Each structure stands twice: as C-alpha cells, then as structure tokens.
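J.: Dumping the structure here so I can ask a few things about it.
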Amino acid sequence: MAGTLRTDLRLHDPDAFYQSLIDAHRGLTDDQSQQLNARLILLLANHVGDREILAEAMAAARDGLAD
Amino acid sequence: MSEFAYPKFTFQPPPELSGKGGHVPVVVVGAGPSGLTAALDLGKRGIPVVVLDDDDTVGVGSRAICWSQRSLDIFDRLGVADGLVDKGVTWQSGRVFFRDDEVYDFDLQREGGQKMPAFINLQQYYVEAALVEALQSCDSVDLRFLSSLTNLRQTPDGVDLTITTPEGEYALRADYVIAADGANSFCRRSLGLAFDGKVFEDRFLIADVKMRADFPSERRFWFDPPFHRGGSALLHKQADDFWRIDLQLGWQADPEEERKPERVVPRLKAMLGDVPFEVQWVSVYTFQCRRLERFRQGRVFFVGDSAHQMAPFGARGGNGGLHDADNLAWKLALVVQGIADDTLLDSYDLERLPATDADILHSTRSTEFITPEGSVSAQFRDAVLALAERHGFARELVNSGRLSTPYWYGSQGLNSVDDPSDDFKGSLVPGAPCPDAPITNPDGSRGWLLNHLGTDFSLLCFGAAPTSLPAGSLPVRPVVIRTDELGDPDGLVSARYDGYPGTTYLVRPDQHIAARFRYAQATDIQQALERAAGGLVKSPAPTAREA
Ligand SMILES: Cc1cc2nc3c(=O)[nH]c(=O)nc-3n(C[C@H](O)[C@H](O)[C@H](O)COP(=O)(O)OP(=O)(O)OC[C@H]3O[C@@H](n4cnc5c(N)ncnc54)[C@H](O)[C@@H]3O)c2cc1C
Chain E
57 MAGTLRTDLR
67 LHDPDAFYQS
77 LIDAHRGLTD
87 DQSQQLNARL
97 ILLLANHVGD
107 REILAEAMAA
117 ARDGLAD
Chain R
442 MSEFAYPKFT
452 FQPPPELSGK
462 GGHVPVVVVG
472 AGPSGLTAAL
482 DLGKRGIPVV
492 VLDDDDTVGV
502 GSRAICWSQR
512 SLDIFDRLGV
522 ADGLVDKGVT
532 WQSGRVFFRD
542 DEVYDFDLQR
552 EGGQKMPAFI
562 NLQQYYVEAA
572 LVEALQSCDS
582 VDLRFLSSLT
592 NLRQTPDGVD
602 LTITTPEGEY
612 ALRADYVIAA
622 DGANSFCRRS
632 LGLAFDGKVF
642 EDRFLIADVK
652 MRADFPSERR
662 FWFDPPFHRG
672 GSALLHKQAD
682 DFWRIDLQLG
692 WQADPEEERK
702 PERVVPRLKA
712 MLGDVPFEVQ
722 WVSVYTFQCR
732 RLERFRQGRV
742 FFVGDSAHQM
752 APFGARGGNG
762 GLHDADNLAW
772 KLALVVQGIA
782 DDTLLDSYDL
792 ERLPATDADI
802 LHSTRSTEFI
812 TPEGSVSAQF
822 RDAVLALAER
832 HGFARELVNS
842 GRLSTPYWYG
852 SQGLNSVDDP
862 SDDFKGSLVP
872 GAPCPDAPIT
882 NPDGSRGWLL
892 NHLGTDFSLL
902 CFGAAPTSLP
912 AGSLPVRPVV
922 IRTDELGDPD
932 GLVSARYDGY
942 PGTTYLVRPD
952 QHIAARFRYA
962 QATDIQQALE
972 RAAGGLVKSP
982 APTAREA
C-alpha cells in the first residue's frame with residue numbers, strides 16, 4: 057500500500073464528469089447536498105481502499121485552507 | 442426472580458486501633474471491582490493484604506454491566522466465574538437502528554469450545570458481592586469496611602497510611618499500596634498527580650429499569666430514533682429483569698433537572714411503549730477519557746478508574762480495571778515473596794499503559810461517532826448510517842461501541858520473541874492471552890484448558906513431558922497435552938496453539954504467553970522464564986541474561 061495519489065487527468069470526457077457531479081446535486085437543499093457529498097466521499101474512499109492514497113488526497117484537498 | 446439484597450458490612454475494630462503497630466506487605470485502597478480482584482488474586486497467592494473501603498456495602502446502582510470473556514477468564518482463574526455466569530445474561534448479538542429503520546444486526550460469532558461466553562451482562566454489585574464473598578474465606582486477606590484512607594505518605598522503603606473509622610483513626614504501614622479508589626482517587630490527589638485527557642461535551646441519561654419485557658437479550662442501539670429525536674439510545678438486558686438504558690441528552694441538558702422522575706419517565710415511556718416499568722436507578726453523565734501518565738508511582742500502583750477513565754461505549758472501563766489487577770497481582774506477589782526483583786513491577790506500566798491507550802482510543806472513536814462534534818462530523822456519521830443499510834463496507838464504519846477485547850502485550854519486556862525458524866502458524870503470538878479449548882482429564886471427564894494454566898508459571902507441552910529445568914529456577918507447572926495426561930478431544934488445543942509433539946509454551950501466571958518453542962531446550966526455557974519474571978531469580982547464582 058505505497059500510495060501515490062494520481063493527479064494527472066484520468067477522467068474520460070472531463071466536462072461530462074463535471075456536469076454529472078453538478079447534476080447529482082440538482083434540486084437538493086444545502087443540507088441534502090452536504091449529505092450527498094459525504095456519502096460520495098465514503099463510497100469512493102472505500103473503492104480506493106488504499107489508506108496512503110486517501111491520506112494524500114486529504115492533504116491535497118486541505119492544502120491552502122488552513123495553516 | 443430474587444432480587445439483589447445489598448449486604449451491610451459491619452465495622453470490626455482492627456488491632457491497630459488499640460495501639461498495635463500495623464505493618465502489611467500490601468494495602469488495597471478501594472473495594473470496587475478492580476481492588477477486590479487484585480486483593481483476591483494476591484490472597485490466593487498467600488500474600489497478606491488489607492483492603493480498605495470507606496463504605497459499608499457494595500457499589501450502589503448497577504454501573505458497569507457488561508463483562509467480557511477475558512474478564513470472565515480472570516474470574517474463573519480466581520474461582521468466582523460460575524456463579525456470575527449463571528446469574529448474568531449471556532448475549533452475543535445486537536442490532537443498530539437509524540431513524541425509523543434497522544440498519545444492521547451483528548453476531549459476535551465466536552468459535553465454540555471455550556468455557557466462558559463472549560460477554561455477560563450483570564450488575565456491578567453482583568460482581569462485587571461475589572468477590573467479597575470469596576475474599577471472606579481467604580485467610581490472608583483482611584477486608585476493612587467503613588475505613589477511609591485519609592492520609593498517605595510515601596517514603597523510599599514504605600508507605601504510611603492513616604485510616605479513619607467510626608471508632609477513630611489508626612496508622613498502618615505498607616510495603617506496597619494498590620490505589621483502587623476510583624475515578625475521584627484520594628491516592629491520586631494526595632500524590633498530586635495530573636489526570637489529563639478529554640471531556641466530551643455531551644450528557645447522557647443512564648437508567649436501570651425493571652420491567653418484564655420480551656425484548657431479546659441483544660444489544661440494541663439507535664441513532665436519532667423517532668422516540669428520541671436528535672439523540673442516541675441504548676437498551677441492554679441485565680439480570681433480574683433489569684434493563685440498562687442510555688439516552689443521549691446533549692450538552693445543554695441540565696443534569697439536575699434530567700434526573701427528576703417527571704423528566705425521566707416520559708422519555709422512557711416514549712422508548713419502551715406500553716410496558717409497565719419501574720425506574721431503579723438514574724444518573725446523568727458526561728464522559729471523559731483520561732489517564733495518569735504512569736500507573737506506578739514508587740510503591741503505589743494505580744488500577745482501574747483511579748488510573749484511567751473512559752467513555753463507556755465498549756464496556757472498557759470496568760473490564761480494563763480487572764485486566765490491570767490481573768496484570769499487577771502476580772508480579773507484586775513474586776516481589777513480596779522475595780523471588781523477583783522490584784524492577785518486575787516496572788512492567789506493569791510497560792504493559793498496561795499501551796493497553797489503556799488502546800481502550801481510550803477505541804472508546805474515544807466510538808464517542809466521537811455517537812457524539813459528532815460539529816455539522817460536518819454529523820453529516821459523515823449520518824452518511825455512514827444511511828449507506829450501512831445497503832452497503833457492507835459502511836456497516837463496518839458504524840461505531841456504537843467497539844466491545845472490550847484483551848490486550849496482547851507483545852514481544853517486548855517480559856515476553857520473548859519467537860525464533861523465526863520455529864515457524865508458528867496462526868494469529869497467536871507471545872504476549873497474547875491463552876485461548877481456551879476443551880480437554881479431557883486422565884479420568885476421562887471433560888474440562889477446559891484454561892483451568893489448568895495460570896496461578897504459577899506453566900509449561901504447556903505437546904506430546905512430550907517438559908525438559909527438567911536447572912535446580913533453583915522458579916517453579917513451573919507442567920501441563921502436558923497427551924492422551925494419558927490431558928487429552929485434546931476436539932483437536933482444538935493443537936489447532937489454537939499450532940501445537941505438535943515437541944511444541945512448548947511458557948505461560949505466565951496471568952495466562953498470557955511468555956514464550957514458545959518447537960524444540961525447547963532447558964536453557965531456552967530458563968532464559969524465557971527469567972525474562973518473564975523481570976530478570977530475577979534471587980536465589981542461586983544468576984545465569985546469563987538474554988541479550
Ligand atoms: C454512575 C456510574 C455508572 C457507570 N456505568 C458504567 C457502564 O455502564 N459501563 C462500564 O463499563 N462502566 C460504567 N461505569 C464505570 C465502572 O463502574 C468503573 O469503571 C468501575 O467501577 C471501576 O472500578 P474500580 O474498582 O476501579 O473503582 P470503583 O468501582 O469506583 O471503586 C472504588 C472504591 O474505592 C472506595 N474509596 C474511594 N475513596 C476511598 C478512600 N479514601 N478510602 C477508602 N475507600 C475509598 C469507594 O468507596 C469504592 O468502593 C460507571 C460508573 C459510575 C460511577
């Protein structure tokens with residue numbers, strides 16, 4: 057489980073992915089949207105499975121938000 | 442069903458009150474589960490012990506209710522488990538609910554062939570009463586109720602104690618003190634020790650309710666249920682038709698108000714429905730996780746709540762204290778008997794500090810799941826619960842309490858590392874507690890392996906009788922697995938220990954594994970034994986210590 061988060065483009069048709077992400081939230085209240093995001097993170101985290109990669113992803117996501 | 446009658450212990454003036462100088466090897470302060478267990482363990486080893494307790498009965502209210510297999514194994518070693526198991530409620534399954542739905546059920550599916558059940562639920566006062574009864578017939582233990590420790594002063598070669606009783610004060614000098622005086626420990630305060638950690642900003646109503654209900658004896662946990670919106674709830678069965686209920690109230694709740702029947706009864710009615718019930722005991726709690734930096738302070742040893750406190754999810758408080766007592770008693774006995782060196786006692790910290798940290802970690806995680814701090818944590822918690830109904834992985838993230846498991850002390854300190862060429866298979870390692878298994882006695886009757894291990898050091902040998910050890914080494918009791926000695930009727934001893942002819946386990950007096958060998962030489966065993974006894978042995982010329 058050596059990690060190494062891949063940040064090169066891996067999505068086929070990135071615009072379509074981005075749109076589907078926005079669409080998934082359509083019609084939801086802010087609270088419901090937050091719930092969707094939380095579920096999505098959990099599902100994807102389990103799919104990734106590798107704790108090192110997840111830790112790198114969390115660090116990359118947090119980067120610049122707080123010192 | 443007969444209900445518990447609180448015993449009333451009387452005060453018996455000890456000789457010290459009439460001016461006789463008192464000196465005892467070990468004084469145990471506090472007759473809760475931890476102190477009583479330590480006293481019984483020492484008493485069974487013949488060590489003179491005085492137990493002091495400021496009260497005249499056992500703990501009031503059921504408090505800890507859930508006793509783990511490891512704790513029951515300890516009680517069984519001390520001869521008190523059978524009555525507790527008979528009286529207690531044996532359980533191994535549970536259900537978790539989220540809002541209106543059941544999200545999953547669990548079964549602590551455990552391999553069969555072990556004498557003690559995975560868990561029993563039994564009110565703490567029953568446990569204390571059983572221990573007191575056993576102690577009353579233990580000649581070397583002097584139980585003193587209505588006796589408060591009111592001064593403690595430690596010198597390099599002893600501890601001076603002042604005890605206050607209904608008939609006045611007296612002084613007692615101890616070689617060693619076991620401070621088992623609970624969360625508010627007087628001993629801890631008199632030594633000026635910091636007790637730091639984390640407080641969870643939440644309040645829980647804990648109630649014992651008597652009712653005849655046909656709910657199963659499983660553990661039921663609700664997150665945000667319709668009968669208690671926004672909080673969590675727990676229902677668990679105890680003996681005598683008692684039920685334990687925990688309701689999360691939130692930090693704003695006023696503990697005084699929430700204890701009043703007019704507040705408590707409607708909350709319980711909402712939960713229990715039309716069943717008639719009687720509230721037996723109520724308390725409002727804020728949970729915390731904290732511990733002393735060291736459990737050994739010179740000649741004073743902290744066990745149980747005086748050493749550490751934790752949130753109750755997972756039942757690690759009550760059980761952890763028993764495991765402290767189990768770890769300390771045999772070591773202290775060897776030192777008091779002059780067999781082992783005082784440094785053996787340092788291994789109490791070496792082994793119990795990490796065990797406590799593991800308990801604190803688990804109970805902290807559970808509490809953080811049950812009491813999410815902030816809206817994002819709450820969102821993740823709810824997301825886990827929502828996914829759990831349909832997705833297996835999320836069920837594993839639901840944390841309503843990770844139940845107490847024994848700590849594996851590891852191959853450091855007292856326990857020897859395996860020789861890699863011995864190639865032991867399976868998950869067992871030195872430092873782990875010995876697993877139980879069925880055996881047959883030479884007369885053909887059935888029994889249990891653990892009943893043959895412990896108290897002294899034992900050598901569990903497969904097939905061959907043990908090599909004789911050099912004269913002057915510590916006494917070791919051989920336990921031979923072979924048809925004409927102890928039979929292995931279901932093959933479970935061999936399977937659980939990966940044992941075949943020649944395999945030898947050195948087992949500590951607390952039934953943890955000290956070392957194991959495929960083809961044991963007397964010198965290997967001797968070295969492992971010395972190491973497990975802290976480097977001893979005081980009598981003959983010392984042999985070379987292991988590098
Ligand atoms: C209200 C309540 C509810 C609880 N519920 C749960 C639960 O649901 N699950 C769980 O796992 N745990 C629970 N616990 C915790 C559990 O009861 C403790 O972990 C357990 O009792 C610890 O045992 P102990 O022997 O270390 O200390 P204690 O049981 O606290 O015993 C300490 C003893 O020392 C005596 N003492 C104190 N000071 C002195 C003195 N100066 N001189 C002489 N004697 C003294 C006291 O009278 C007492 O008998 C609860 C505790 C309380 C208070």
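Protein chains in written order, with the working numbering: chain E, 57 to 123; chain R, 442 to 988. Beta carbons are placed, not taken as given, at the ideal position from N, Cα and C, and that holds for glycine. From a predicted model like this one, the values you see are computed outputs, not experimental measurements.
E/Gln91 versus chain R: which residues are under 7 angstroms apart at the beta carbon?
T.: For the purposes of this step, residue 91 of chain E is taken as residue 35 along the first sequence, with counting starting at 1. Within 7 angstroms Cβ-Cβ: Gln820, Asp823 and Ala824.
J.: Determine, using beta carbons only, whether R/Ala835 comes closer than 8 angstroms to chain E.
T.: Position 394 of the second sequence, counting from 1, holds the residue named residue 835 of chain R. Yes, R/Ala835 counts as interfacial toward chain E.
J.: Have a look at R/Trp532 and R/Thr451 and give me their C-alpha separation to the nearest angstrom.
T.: For this step, residue 532 of chain R is matched to residue 91 along the second sequence. For this step, residue 451 of chain R is matched to residue 10 along the second sequence. Straight across, the Cα-Cα distance linking R/Trp532 with R/Thr451 is about 36 angstroms.
J.: Using DSSP with H/G/I as helix, E/B as strand and the rest coil, what is R/Gly815?
T.: Taking the second sequence and counting its residues from 1, the one referred to as residue 815 of chain R is at position 374. Helix.
J.: From which residue to which residue does the beta strand (DSSP E) around R/Cys902 run?
T.: For the purposes of this step, residue 902 of chain R is taken as the residue at position 461 of the second sequence. Here the beta strand (DSSP E) through R/Cys902 covers Phe898 to Phe903.
J.: Please determine, among R/Lys528, R/Gln595 and R/Arg949, the residue with the shortest C-alpha to C-alpha distance to R/Gln565.
T.: As a first step, residue 565 of chain R must be located in the second sequence, where it is residue number 124. Of the candidates R/Lys528, R/Gln595 and R/Arg949, the one whose C-alpha sits nearest the C-alpha of R/Gln565 is R/Lys528.
J.: Can the beta-carbon of R/Glu457 be found closer than 8 angstroms to that of R/Tyr611?
T.: Stepping through the second sequence from its first residue, residue 457 of chain R is reached at position 16. Stepping through the second sequence from its first residue, residue 611 of chain R is reached at position 170. Going by C-beta atoms, R/Glu457 is nearer than 8 angstroms to R/Tyr611.
J.: Quick check: the Cα distance between R/Leu590 and R/Ala480, rounded to an integer number of angstroms?
T.: Within the second sequence, residue 590 of chain R is the residue found at index 149, counting from 1. Within the second sequence, residue 480 of chain R is the residue found at index 39, counting from 1. Approximately 17 angstroms, taken between the alpha carbons.
J.: For the segment 66 to 99 of chain E, which residues have a beta carbon sitting closer than 9 angstroms to at least one beta carbon of chain R?
T.: So the list reads Asp87, Gln90, Gln91, Leu92, Asn93, Ala94, Arg95, Leu96, Ile97, Leu98 and Leu99, given in the order they occur along the chain.
J.: On the three-state DSSP scale, how would you describe E/Ile78?
T.: Position 22 of the first sequence, counting from 1, holds the residue named residue 78 of chain E. Residue state, collapsed to three classes: helix.
J.: Taking a contact to mean a Cβ-Cβ separation below 8 angstroms, would you say R/Arg536 touches R/Glu659 in this structure?
T.: Taking the second sequence and counting its residues from 1, one reaches residue 536 of chain R at position 95. Taking the second sequence and counting its residues from 1, one reaches residue 659 of chain R at position 218. Yes, they are a contact pair.
J.: By alpha-carbon positions, which one of R/Asp514, R/Asp494, R/Gly487 and R/Ser475 ends up nearest to R/Pro874?
T.: Along the second sequence, one-based indexing puts residue 874 of chain R at 433. Closest by alpha carbon: R/Asp514.
J.: Indicate whether the contact test is met: 3 or more Cβ pairs, each with one atom in the segment 870 to 890 of chain R and one in the segment 693 to 701 of chain R, closer than 8 angstroms.
T.: no
J.: Run through DSSP, which three-state label would R/Gln750 get?
T.: For the purposes of this step, residue 750 of chain R is taken as the residue at position 309 of the second sequence. Correct three-state label for R/Gln750: strand.
J.: Return the CA-CA distance between R/Val858 and R/Arg918, expressed in angstroms with no decimal places.
T.: Numbered from 1 along the second sequence, position 417 holds the residue referred to as residue 858 of chain R. Numbered from 1 along the second sequence, position 477 holds the residue referred to as residue 918 of chain R. So the two alpha carbons sit approximately 22 angstroms from each other.
J.: Would you mind stating whether R/Phe662 and R/Ser841 have Cβ atoms separated by less than 8 angstroms?
T.: Reading the second sequence from its first residue, position 221 is the one you call residue 662 of chain R. Reading the second sequence from its first residue, position 400 is the one you call residue 841 of chain R. In this structure, R/Ser841 lies closer than 8 angstroms to R/Phe662 by Cβ.
J.: Less than 7 angstroms separating the Cβ of R/Leu632 from some heavy atom of ligand 1?
T.: By 1-based counting over the second sequence, the position of residue 632 of chain R is 191. Not so, every heavy atom of ligand 1 lies at least 7 angstroms from the Cβ.
J.: Using beta-carbon positions only, say whether R/Ala615 and R/Val468 come within less than 8 angstroms of one another.
T.: On the second sequence, position 174 is the one that residue 615 of chain R refers to. On the second sequence, position 27 is the one that residue 468 of chain R refers to. Cβ distance < 8 angstroms, so R/Ala615 and R/Val468 count as in contact.
J.: Is there a C-beta anywhere in chain E that falls below 8 angstroms from the one on R/Leu802?
T.: Counting from one through the second sequence, the residue named residue 802 of chain R turns up at place 361. No - not a single Cβ of chain E is within 8 angstroms of the one on R/Leu802.
J.: If I measure Cβ to Cβ from R/Leu549 and keep anything under 6 angstroms in the same chain, skipping five residues before and after, which residues do I get?
T.: Position 108 of the second sequence, counting from 1, holds the residue named residue 549 of chain R. Gln533 and Ala559, listed in sequence order.
J.: Using three-state DSSP, classify R/Val470 as helix, strand or coil.
T.: The count along the second sequence starts at 1 and reaches residue 470 of chain R at position 29. Of the three classes helix, strand and coil, the one that applies to R/Val470 here is strand, per DSSP.
J.: Helix, strand or coil for R/Leu826 per DSSP?
T.: Walking along the second sequence from the start, residue 826 of chain R turns up at place 385. If DSSP states are grouped into helix, strand and coil, R/Leu826 belongs with the helices.
J.: Looking at the strands, I want to know which residues DSSP matches up with R/Tyr447.
T.: As a position in the second sequence, residue 447 of chain R is number 6, starting the count at 1. Answer is none; R/Tyr447 lacks a bridge partner.
J.: Give a yes or no on whether the C-beta atoms belonging to R/Ala973 and R/Asn856 are separated by under 8 angstroms.
T.: Position 532 of the second sequence, counted from the start, is the residue given in the question as residue 973 of chain R. Position 415 of the second sequence, counted from the start, is the residue given in the question as residue 856 of chain R. Yes; because the gap between Cβ atoms is below 8 angstroms, this pair is in contact.
J.: Whole angstroms are fine: how far does the CA of R/Val921 sit from the CA of R/Ser980?
T.: Numbered from 1 along the second sequence, position 539 holds the residue referred to as residue 980 of chain R. Numbered from 1 along the second sequence, position 480 holds the residue referred to as residue 921 of chain R. Its pLDDT being 46, under 50, R/Ser980 is placed unreliably in this model, and the coordinates cannot settle the point.
J.: Quick one: list the residues of chain E neighbouring R/Ala827, beta-carbon separation under 8 angstroms, in chain order.
T.: For the purposes of this step, residue 827 of chain R is taken as the residue at position 386 of the second sequence. Here the neighbours are Gln91 and Arg95.
J.: How many whole angstroms separate the CB atoms of R/Leu763 and R/Ser475, which I take to be in contact at a CB cut-off of 8 angstroms?
T.: Walking along the second sequence from the start, residue 763 of chain R turns up at place 322. Walking along the second sequence from the start, residue 475 of chain R turns up at place 34. Indeed, because the Cβ distance is near 6 angstroms, the residues count as touching under 8 angstroms.
J.: Using only alpha-carbon positions, find the residue among R/Asp643, R/Cys730 and R/Arg740 that is nearest to R/Asp394.
T.: One cannot answer for residue 394 of chain R here, as it falls past the ends of chain R, which runs 442 to 988.
J.: On the premise that R/Leu769 lies in contact with R/Phe742, defined as a C-beta separation below 8 angstroms, what is that separation, rounded to the nearest angstrom?
T.: Position 301 of the second sequence, counted from the first residue, corresponds to residue 742 of chain R. Position 328 of the second sequence, counted from the first residue, corresponds to residue 769 of chain R. Going by Cβ atoms, the distance from R/Phe742 to R/Leu769 rounds to 6 angstroms, so yes, they are a contact pair.
J.: Whose C-beta lies closer than 7 angstroms to the C-beta of R/Ser704 among residues of the same chain, with five residues either side of it excluded?
T.: The sequence position of residue 704 of chain R within the second sequence is 263, counting from 1. This sequence places Arg at residue 704 of chain R; Ser is not what is there. The residues are Glu698.
J.: In the DSSP assignment, find the beta strand (DSSP E) that holds R/Ser868 and state where it starts and stops.
T.: As a working mapping, residue 868 of chain R is identified with position 427 in the second sequence. Taken as a continuous stretch (DSSP letters only), R/Ser868 belongs to no beta strand (DSSP E), as it is neither H nor E.
J.: Quick check: what's the CA-CA separation for R/Ser886 versus R/Phe636?
T.: Residue numbering aside, residue 886 of chain R sits at position 445 when the second sequence is read from its first letter. Residue numbering aside, residue 636 of chain R sits at position 195 when the second sequence is read from its first letter. So the two alpha carbons sit approximately 51 angstroms from each other.
J.: Quick one: using the 10 Å Cβ neighbour count with 16 as the cut-off for buried, is R/Trp692 buried or exposed?
T.: Your numbering for residue 692 of chain R matches position 251 in the second sequence. Exposed, because fewer than 16 other Cβ atoms sit within 10 Å of the Cβ of R/Trp692.
J.: Any chance the CB of E/Ala61 is under 7 angstroms from a heavy atom of ligand 1?
T.: The residue given as residue 61 of chain E occupies position 5 in the first sequence. Residue identity differs from the one stated: residue 61 of chain E is Leu in this sequence, not Ala. Result no, Cβ not under 7 angstroms from ligand 1.
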